[in-house]
Amino acid sequence: MDKALIYPMAAHVALTGLLYVMLTAARAPSVWGIGRHADGSNPWADFEPRISANLSNQFEWPLFFYAACLLMLIQQGVDTPPLVLAWVFVGGRVVHSWVQICTTNIRLRGLVFTINFLAVFGLWLCLLIRS
-10 MDKALIYPMA
0 AHVALTGLLY
10 VMLTAARAPS
20 VWGIGRHADG
30 SNPWADFEPR
40 ISANLSNQFE
50 WPLFFYAACL
60 LMLIQQGVDT
70 PPLVLAWVFV
80 GGRVVHSWVQ
90 ICTTNIRLRG
100 LVFTINFLAV
110 FGLWLCLLIR
120 S
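Given below as structure tokens:
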């Protein structure tokens, strides 16, 4: 289980890559004219700024996730609690992305972010306890 943290890290990288693909597709009608409505409008115009904002979010709080995971990998030993917290974080990021892109529910988004926040905070607590 020493290298097991690589999998949730890779899953977050995959989520970020998916968001880049979604953003490219959402911008295609405006940039390339692909998929425009008959009147020339972009059918994804409402979603494009939400996808873009969510993509930016993937480079904010997740920085602390990667730092904690890398420090744990350097320490050569990952036990179950940090691994569970890492997967909770990644699952939370997926849910957060869905909520931010598909809804305008700020309260729900805040709740999901709190779960992500606590998971990373827990990773850092595990790291500090082991040090």
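Residue numbers (the numbering used here): -10 to 120. Every residue gets a Cβ at the ideal spot worked out from N, C-alpha and C, and that includes glycine.
Under the three-state reduction of DSSP output, Ala3 falls in the helix class.
Look at the beta carbons and you see the segment 14 to 24 not touching the segment 91 to 101: under three pairs across the two are nearer than 8 angstroms. Shown here, Trp50 sits in coil according to DSSP, grouped into three states, outside any helix or strand. For Gln89, the enclosing alpha helix (DSSP H) starts and ends at 69 to 91.
Inclusion of Leu44 and Leu8 in the CB contact set at 8 angstroms is warranted, their separation being smaller than that value. In terms of Cβ geometry, His85 and Val109 do not form a close pair [threshold 8 angstroms].
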